[in-house]
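Enquirer: Order-wise, the sequence lines are chains A and B.
Per the working numbering: the first sequence = residues -14 to 234.
Per the working numbering: the second sequence = residues -14 to 234.
Positions of the beta carbon are idealized from the N, C-alpha and C atoms, including for glycine.
Protein chains: 2
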Amino acid sequence: MGNGRQQHEEITAYLRSAISSHEFAPGDPLPSESELCQRFESSRGPVRQAMATLRSEGLISSGRGRRTIVLDTVPTQSFDGVISYSEWCRQSGFEAGQITQSVTRRPADPTLAAALEIEPRAPVVSIFRLRLLNGIPAMVERLNYPLEVGQHLLTFDTDSGSIYQHLIDSGVDINNATRTIDAIGADPDDAQLLGITEGAPLLRVRRRAFTSNGTPVESSDDRYLPGTASFTLNTIRGNPSPLSMVSAR
Amino acid sequence: MGNGRQQHEEITAYLRSAISSHEFAPGDPLPSESELCQRFESSRGPVRQAMATLRSEGLISSGRGRRTIVLDTVPTQSFDGVISYSEWCRQSGFEAGQITQSVTRRPADPTLAAALEIEPRAPVVSIFRLRLLNGIPAMVERLNYPLEVGQHLLTFDTDSGSIYQHLIDSGVDINNATRTIDAIGADPDDAQLLGITEGAPLLRVRRRAFTSNGTPVESSDDRYLPGTASFTLNTIRGNPSPLSMVSAR
DNA sequence: TAGTGGTCTAGACCACAGG
DNA sequence: CTGTGGTCTAGACCACTAC
Chain A
-14 MGNGRQQHEE ITAYLRSAIS SHEFAPGDPL PSESELCQRF ESSRGPVRQA MATLRSEGLI
46 SSGRGRRTIV LDTVPTQSFD GVISYSEWCR QSGFEAGQIT QSVTRRPADP TLAAALEIEP
106 RAPVVSIFRL RLLNGIPAMV ERLNYPLEVG QHLLTFDTDS GSIYQHLIDS GVDINNATRT
166 IDAIGADPDD AQLLGITEGA PLLRVRRRAF TSNGTPVESS DDRYLPGTAS FTLNTIRGNP
226 SPLSMVSAR
Chain B
-14 MGNGRQQHEE ITAYLRSAIS SHEFAPGDPL PSESELCQRF ESSRGPVRQA MATLRSEGLI
46 SSGRGRRTIV LDTVPTQSFD GVISYSEWCR QSGFEAGQIT QSVTRRPADP TLAAALEIEP
106 RAPVVSIFRL RLLNGIPAMV ERLNYPLEVG QHLLTFDTDS GSIYQHLIDS GVDINNATRT
166 IDAIGADPDD AQLLGITEGA PLLRVRRRAF TSNGTPVESS DDRYLPGTAS FTLNTIRGNP
226 SPLSMVSAR
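(1) I'd like the list of long-range same chain contacts for residue 233/B, defined as Cβ closer than 8 Å, with 5 residues on each side in sequence excluded.
(2) Give the range of the beta strand (DSSP E) segment to which residue 98/A is assigned.
(3) Taking the straight line between their C-alpha atoms, what separation do you get for residue 40/B and residue 55/B?
(4) Quick check on residue 167/A: buried or exposed, where buried means 16 or more other Cβ atoms within 10 Å of its Cβ?
(5) For the alpha helix (DSSP H) that contains residue 68/A, what are its first and last residues?
(6) Give the DSSP bridge partners of residue -2/A, in chain order.
(7) Go through its chain and collect everything with a Cβ distance to residue 73/B's Cβ below 6 Å, but skip five positions before and after it.
(8) Whole angstroms are fine: how far does the CA of residue 172/B sit from the CA of residue 45/B?
(9) Between residue 29/B and the rest of its own chain, which residues show a CB-CB distance below 7 Å, the 5 nearest in sequence each way excluded?
(10) Name the chain A residues whose beta carbon is nearer than 9 Å to that of residue 199/B?
(11) Hey, is residue 64/A's beta-carbon within less than 7 Å of any beta-carbon in chain B?
(12) Can you tell me the Cα-Cα spacing of residue 75/B and residue 127/B, whole angstroms?
(13) Closer than 9 Å by beta-carbon distance: list the chain A residues that pair up with residue 165/B, in chain order.
(14) If the cut is a Cβ gap below 9 Å, which residues of chain B does residue 179/A touch?
(15) For the alpha helix (DSSP H) that contains residue 134/B, what are its first and last residues?
(16) I'd like to know whether the C-beta of residue 173/B is nearer than 7 Å to at least one C-beta of chain A.
(17) Does the segment 182 to 192 of chain B come within contact of the segment 192 to 209 of chain A, defined as at least 3 CB pairs closer than 8 Å?
(18) Contact criterion: CB-CB distance below 7 Å. Does residue 97/A meet it with respect to chain B?
(19) Quick check on residue 31/A: does DSSP put it in helix, strand or coil?
(20) Taking beta-carbon pairs under 9 Å, can you tell me which members of the segment 140 to 168 of chain A lie near chain B?
(21) Checking contacts by CB at 7 Å: is residue 30/B closer than that to chain A?
(22) Quick one: give me the first and last residue of the beta strand (DSSP E) that residue 155/B is part of.
(23) What alpha helix (DSSP H) runs, 4 residues minimum, are completely inside the segment 138 to 218 of chain B?
(24) Go ahead and pull the three-state DSSP assignment for residue 72/B.
(25) If you count every other CB in all the chains shown that lies within 10 Å of the CB of residue 63/B, and 16 or more means buried, which is it?
(26) Could you give the DSSP three-state label for residue 5/B: helix, strand or coil?
(27) Using a Cβ cut-off of 7 Å, pull out every chain A residue sitting near residue 50/B, in sequence order please.
(28) Relative to the C-alpha of residue 69/A, which candidate in 42/A, 151/A, 178/A has its C-alpha closest?
(29) Excluding the five sequence neighbours on either side, which residues of its own chain have a C-beta within less than 6 Å of the C-beta of residue -13/A, listed in chain order?
(30) Would you verify that the beta carbon of residue 132/B is, or is not, closer than 7 Å to some beta carbon of chain A?
(31) Taking the beta strand (DSSP E) that residue 47/A belongs to, which residues open and close that run?
(32) Is the Cβ-Cβ distance between residue 143/B and residue 88/B less than 7 Å?
(33) Determine which residues of the segment 111 to 129 of chain B have a Cβ less than 9 Å from any Cβ of chain A, and write them out in chain order.
(34) Is residue 83/B buried or exposed, if buried means 16 or more other CB atoms sit within 10 Å of its CB?
(35) Determine whether the Cβ of residue 17/A lies closer than 7 Å to any Cβ atom of chain B.
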């Protein structure tokens, strides 16, 4: 094998980079399995495992008798980009900005207490910011943390940068997150900050973040101006989508 | 094998149903691979393929030396549910309904032609329907197909049921789809059909569907009443999310 | 009909977790 | 240590596509 890498990983990495560099462009056929077997001095097993990986990532399409084809490149998002607006902007090549409206220590209302799995009226730290994209208002951000987590923010300059980064640096363990996406009309605060009329459409992303052992560390509500942000997802027949659409009714 | 099913499908189906019926409950170990080999009189290949399928669905967790474990059930959405409102309703336990507004054969405008990757003014079939959830207006659906695909719909009773099912039955190859989610204000048609005011927030899901070799077969625009539908996605640190948030600016 | 990818077999060795 | 799952080999047959 040469290095410590597994053979199928070797093959996956080669194909993935060749695809992303358009050495194999969308619509092109990939080398056949037998060619890859020869090139990597491997049996079919590792080659097929690599193919399965790429297929599950939505990069290729294959079928009986057909050559394996490169699909249009599918964008993915890193975990940091999922959880941090600042990081998302950085990755997208935009400049993030923030104008803090308030940082509050207060008792949790019943809904928030449930979302954070703490006692009602237990103390939480809430942050309310207008977020900018290249200097233009783009999103209204409401972040809520249990006191244990949020205490790190009471002395933090919330106009200075990424709260997520600060929490990580403070030793907070953030392992996974659930996002729920829907549409909502602007409330008076949203309307005033974003310069739109009350009731105008916003894209809402509610997020709950958890530690490795499942304790909630954040419950947030981000509202984007239409045109500022959208979500894109690729689904392949036979690969159930990790994004589920649910009805409230 | 008994029936015409592949062995790995047989094993996958058995395990999936045993898991969903809590015959193997979350936290329980699955039978070992060698047990399954014996039970299904199979070699390890098909057993491992079945395991890989369940792993990709987030149903099980496995690792070197460890027993394979049943995870807490993760909500996922089948490809059929992704692409078909009727199927999504069925899976969610709701009754889908539809009131067709129009079925049109017309030349594609430039935007639509680009989305379907056909010549501008090439003929397309467009369907415009109000969709119901348990009899109540829930979504406005605009479907567009290249003529080659859409011709199967010109003689189809679009008030009767699932267009997706009809296309599959007509031999159309639908292999993967890309969905883009954002928020938009209701246009006059939306407002009238859904009984809301113009400009009221709607959750828009635009979809492009493709054949196995990457040819677009559908370009659609669904607009949901808030509260009718939302999207939920789980992301784990270190696992890039297949859902990407992109900015239009 | 030649070549493709999908499936399957029957072995083998390894790293690792658990008793 | 035993047994597990992860990896790999070297064959084989089949269904299907493209020529």
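Expert: With the given structure in hand:
(1) Caution applies to residue 233/B, whose pLDDT of 48 falls short of 50 and renders its modelled position unreliable; the model cannot decide the point.
(2) No beta strand (DSSP E) holds residue 98/A; the alpha helix (DSSP H) holding it covers 95 to 101.
(3) 10 Å
(4) buried
(5) 64 to 68
(6) Paired residue(s): none; residue -2/A is not in a bridge.
(7) 66
(8) 45 Å
(9) 18, 22
(10) 11, 12, 46, 54, 55, 56, 57
(11) yes
(12) 20 Å
(13) 215, 216, 217, 218
(14) Per Cβ cutoff of 9 Å: no residues; residue 179/A is ~12 Å from chain B at best.
(15) 132 to 139
(16) no
(17) no
(18) no
(19) helix
(20) 159, 160, 161, 162, 163, 164, 165, 166, 167, 168
(21) no
(22) Taken as a continuous stretch (DSSP letters only), residue 155/B belongs to no beta strand (DSSP E), as it is neither H nor E.
(23) 148 to 154, 173 to 179
(24) helix
(25) buried
(26) helix
(27) Chain A residues near residue 50/B: none, gap ~17 Å exceeds 7 Å.
(28) 151/A
(29) Reliability fails at residue -13/A, whose pLDDT of 38 lies under 50, so the model's placement of it is uncertain and the value that follows must be treated cautiously. There are no such residues.
(30) no
(31) 45 to 48
(32) yes
(33) 118, 119, 121, 123
(34) buried
(35) no
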